[in-house]
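Residue numbers (my numbering): 1458 to 1941.
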Ligand code: FAD
């Protein structure tokens, strides 16, 4: 008997739930990844850092699996890679290999759930079983419920219950090595792994970014972060400091195990390490949004709070263009948007600032910002992105009401006081003194001349005025919904 493990957003071969279960139950186990044209064809560009990241990580995974098999007496192992629509590819491969079962790790996005249902049906029709396992989250679906047996919709009580439930068992790694002798050799003749170009994509600037790919890249970032973990709670809000882990893209594509991270954090947190406690809470946010998406799939297109589903947002094409192009005249917002455009990453504090700015200052529908992030973020994840946008727009599951409106100038003064971050991404403001850097529009003509800045030429005038925008937003949220 043989089985096929279908990898998707779990591009690693250690502490891997579906792989472990397959190896434990079957004497011959194949592993496959499909470059899914249903997803790739829908991307708006052929130059996408995520595709390059996945491609590099898949290559490394192939080598790791090959090595793991070889170390356990199986020459010729590795990853089978296909390019095409995922479901037919997997069904065909399962039939070619003559496996009894396809095993995979669970996905909580509505489209992925539908794909997996389709795969299960097609496989069953061919006499092949299909099973899925919890892997990408620590606690899933109905594992954390209120005393009334309902899913939580507010984070703080959820986190309390989550921390109680997250015992050592939930953090235990799956010992894939134990049964690795059951890895199968690749079927011959094996097809070579496709190049990025063969997938129809062109190289991006990924290799120039400080973003190592694959399982090795994830461990490298983790090793870099661990000595900084104790200071996370103090440093994490300052985009000019190296305070966070930068692991999100690795969590997104599963090149690192969430259990490994939770085990490390929980161990340190138990010794009273505040940084670790705060970081563990971020991992709880991650699980929380997966859980929300699973129980409320309507959030993909609707506000979590139905009363805010038809807030009368503005079209505002000029304001929208300015936000997308990092030309709002608010340096922290613009520097953040440049970071996103140039690197595919944006610091969490800045995601909150620019999302608040788009929805509360420009009056633009959070769904448009969410889509923009979805196109540009390396770590784009439907659950976290949707949750983050709805949080910022005050339409989501957050106790804070809509009149929390971030002041982009105060945020800048507080979290980038010397403008280290702003200067990195807005070199045109390099000579502006610290005290004016957060809002150059407030400078007098003599001050502008002294640092050689021509407002409206070198750097834009602010596209909205903070106090006016605030008033408009309060009205917008109070206005009764238009009748259908
Ligand atoms: P760290 O601070 O080191 O945190 C560790 C991990 O915890 C992260 O890698 C991430 O997996 C998880 N995490 C941290 N904060 C959150 C959070 N608020 N919600 C869910 N998980 C969290 N995160 C994504 O992974 N993908 C997204 O598409 C995404 N979109 C966002 C959009 C908005 C508007 C906002 C406000 C937040 C969004 N986040 C998203 C959450 C957060 O900004 C990123 O996870 C974080 O900035 C990634 O950097 P890091 O790995 O260095 O994080």
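Even glycine gets a Cβ: it sits at the ideal position worked out from N, Cα and C.
Review point. Can you tell me whether residue 1584 is buried or exposed, with buried defined as 16 or more other CB within 10 angstroms of its CB?
Key: Translated into the one-based positions of the chain shown, residue 1584 becomes position 127. Per the 10 Å Cβ criterion, exposed.
Check your understanding: Out of 1737, 1461, 1870 and 1492, which has the shortest C-alpha to C-alpha gap to residue 1716?
Key -> Taking the chain shown and counting its residues from 1, the one referred to as residue 1716 is at position 259. Of 1737, 1461, 1870 and 1492, the residue nearest in Cα terms is 1737.
Practice item. Using 7 Å as the cut-off, classify the Cβ of residue 1900 as near or not near the heavy atoms of the ligand FAD, replying yes or no. Key: As a position in the chain shown, residue 1900 is number 443, starting the count at 1. Every heavy atom of the ligand FAD is 7 Å or more from the Cβ of residue 1900, so no.
**Study point:** Cβ-Cβ distance between residue 1846 and residue 1744 below 8 Å
**Key:** Along the chain shown, read from residue 1 onward, the residue named residue 1846 stands at position 389. Along the chain shown, read from residue 1 onward, the residue named residue 1744 stands at position 287. Cβ distance not < 8 Å, so residue 1846 and residue 1744 don't count as in contact.
Exercise for review: Have a look at residue 1762 and residue 1903 and give me their C-alpha separation to the nearest angstrom.
Suggested key: For the purposes of this step, residue 1762 is taken as residue 305 along the chain shown, with counting starting at 1. For the purposes of this step, residue 1903 is taken as residue 446 along the chain shown, with counting starting at 1. Roughly 49 Å separates the two Cα atoms.
Practice item. Pick helix, strand or coil for residue 1745, following the three-state DSSP scheme. Key: Residue numbering aside, residue 1745 sits at position 288 when the chain shown is read from its first letter. Residue 1745 falls in the helix class under three-state DSSP.
Exercise for review: For residue 1865, count neighbouring C-beta atoms within 10 Å of its own C-beta (all shown protein chains included) and say buried if the count is 16 or more, exposed if not.
Suggested key: Reading the chain shown from its first residue, position 408 is the one you call residue 1865. It counts as buried.
Point to revise | residue 1761 - containing alpha helix (DSSP H), residue span | key: Residue mapping note: residue 1761 aligns to position 304 of the chain shown, counting from 1. Note, residue 1761: premise wrong, no alpha helix (DSSP H); not H, not E.
**Study point:** Counted within 10 angstroms of its Cβ, other Cβ atoms place residue 1431 as buried (16 or more) or exposed
**Key:** As shown, the chain starts at 1458 and ends at 1941. That puts residue 1431 outside it, with no answer to give.
Check your understanding: Assuming residue 1514 contacts residue 1758 under a Cβ cut-off of 8 Å, what Cβ separation, rounded to an integer in Å, is found between them?
Key -> For the purposes of this step, residue 1514 is taken as the residue at position 57 of the chain shown. For the purposes of this step, residue 1758 is taken as the residue at position 301 of the chain shown. Not a contact, Cβ separation roughly 30 Å.
**Study point:** Beta-carbon separation (whole angstroms), residue 1867 vs residue 1791, contact threshold 8 Å
**Key:** If you number the chain shown from 1, residue 1867 lands on position 410. If you number the chain shown from 1, residue 1791 lands on position 334. About 16 Å separates the two Cβ atoms, so there is no contact after all.
Check your understanding: Given residue 1709, which residues of its chain have a CB within under 6 Å of its CB, disregarding the five upstream and five downstream residues?
Key -> Here residue 1709 refers to the residue found at position 252 when the chain shown is read from its first residue. Only 1836 and 1838 meet the Cβ criterion.
Exercise for review: Assign residue 1594 to one of three DSSP states: helix, strand, or coil.
Suggested key: By one-based count along the chain shown, residue 1594 stands at place 137. In this structure, residue 1594 counts as coil in the three-state DSSP scheme.
Practice item. Answer yes or no: do residue 1926 and residue 1817 have a C-beta to C-beta separation smaller than 8 Å? Key: One-based indexing of the chain shown puts residue 1926 at position 469. One-based indexing of the chain shown puts residue 1817 at position 360. Yes, the Cβ-Cβ distance between residue 1926 and residue 1817 is below 8 Å.
Review point. Ordered along the chain, which non-local residues of its own chain (more than five positions away) have a Cβ less than 8 Å from that of residue 1842?
Key: Residue mapping note: residue 1842 aligns to position 385 of the chain shown, counting from 1. Only 1827, 1830, 1831 and 1834 meet the Cβ criterion.
Practice item. Look at residue 1518 and residue 1461 and say whether their C-beta atoms are less than 8 Å apart. Key: Numbered from its first residue, the chain shown carries residue 1518 at position 61. Numbered from its first residue, the chain shown carries residue 1461 at position 4. Going by C-beta atoms, residue 1518 is not nearer than 8 Å to residue 1461.
Practice item. Please confirm if the stretch 1852-1866 is in contact with the stretch 1680-1697, defined as three or more CB-CB distances below 8 Å between the two stretches. Key: no
Practice item. Report the partner residues of residue 1920 according to the DSSP bridge assignment. Key: Against the chain shown, residue 1920 aligns to sequence position 463. Paired residues: none, contrary to the question.
Review point. Comparing the C-beta of residue 1585 with each C-beta of chain C, is any distance below 8 Å?
Key: Here chain C cannot be found, since the structure has a single protein chain.
Check your understanding: So does residue 1855 have its beta carbon nearer than 7 Å to some heavy atom of the ligand FAD?
Key -> Numbered from 1 along the chain shown, position 398 holds the residue referred to as residue 1855. Because no heavy atom of the ligand FAD lies under 7 Å away, the Cβ of residue 1855 does not count as near it: no.
Check your understanding: Quick one: does the C-beta of residue 1809 sit closer than 7 Å to a heavy atom of the ligand FAD?
Key -> Taking the chain shown and counting its residues from 1, one reaches residue 1809 at position 352. Flag set: Cβ of residue 1809 near the ligand FAD.
**Study point:** For residue 1540: DSSP bridge partner residues
**Key:** By one-based count along the chain shown, residue 1540 stands at place 83. Answer by DSSP bridge pairing, in chain order: 1492.
Check your understanding: What number of angstroms, rounded off, separates the C-alpha of residue 1860 from the C-alpha of residue 1870?
Key -> Numbered from 1 along the chain shown, position 403 holds the residue referred to as residue 1860. Numbered from 1 along the chain shown, position 413 holds the residue referred to as residue 1870. One C-alpha to the other measures close to 21 Å.
Practice item. Express the C-alpha separation of residue 1510 and residue 1893 in angstroms, rounding to a whole number. Key: Position 436 of the chain shown holds residue 1893. Position 53 of the chain shown holds residue 1510. Approximately 39 Å, taken between the alpha carbons.
Exercise for review: Go through its chain and collect everything with a Cβ distance to residue 1452's Cβ below 8 Å, but skip five positions before and after it.
Suggested key: The first residue shown for the chain is 1458 and the last is 1941, placing residue 1452 beyond what the model contains.
Check your understanding: Ordered along the chain, which non-local residues of its own chain (more than five positions away) have a Cβ less than 8 Å from that of residue 1459?
Key -> Here residue 1459 is taken as the residue at index 2 of the chain shown, counted from 1. These residues qualify, in order along the chain: 1483, 1484, 1485, 1486, 1487, 1554, 1555, 1556, 1557 and 1641.
Point to revise | Any non-hydrogen atom of the ligand FAD closer than 7 Å to residue 1565 Cβ | key: Here the question's residue 1565 lines up with position 108 in the chain shown. Flag unset: Cβ of residue 1565 not near the ligand FAD.
Check your understanding: Thinking C-alpha only, which one of 1636, 1638 and 1706 is nearest residue 1667?
Key -> The residue given as residue 1667 occupies position 210 in the chain shown. Checking every option, the nearest Cα to that of residue 1667 belongs to 1706.
**Study point:** Reduced DSSP secondary structure (H/G/I, E/B, other) of residue 1460
**Key:** Within the chain shown, numbered from 1, the residue matching residue 1460 stands at position 3. In the structure shown, residue 1460 sits in a strand (DSSP, three-state: E or B).
Review point. Under the three-state reduction of DSSP, which class applies to residue 1484: helix, strand or coil?
Key: For this step, residue 1484 is matched to residue 27 along the chain shown. The answer is coil: DSSP assigns residue 1484 none of H, G, I, E or B.
Practice item. Give the DSSP bridge partners of residue 1821, in chain order. Key: Stepping through the chain shown from its first residue, residue 1821 is reached at position 364. Answer is 1771, bridged to residue 1821.
**Study point:** Residue from 1647, 1596 and 1712 with nearest C-alpha to residue 1473
**Key:** As a working mapping, residue 1473 is identified with position 16 in the chain shown. Ranking 1647, 1596 and 1712 by Cα distance to residue 1473 puts 1712 first.
Check your understanding: Which residue comes first and which comes last in the alpha helix (DSSP H) that contains residue 1620?
Key -> By one-based count along the chain shown, residue 1620 stands at place 163. Run containing residue 1620: 1612-1622, per the alpha helix (DSSP H) assignment.
Exercise for review: Please classify residue 1800: does DSSP put it in a helix, a strand, or coil?
Suggested key: Taking the chain shown and counting its residues from 1, one reaches residue 1800 at position 343. If DSSP states are grouped into helix, strand and coil, residue 1800 belongs with the helices.
Exercise for review: Determine the DSSP secondary structure at residue 1633, reduced to helix, strand or coil.
Suggested key: Your numbering for residue 1633 matches position 176 in the chain shown. In the structure shown, residue 1633 sits in a helix (DSSP, three-state: H, G or I).
Exercise for review: Check residue 1553 in the structure and name its three-state DSSP category.
Suggested key: Taking the chain shown and counting its residues from 1, one reaches residue 1553 at position 96. Looking at residue 1553 - three-state DSSP - the assignment turns out to be helix.
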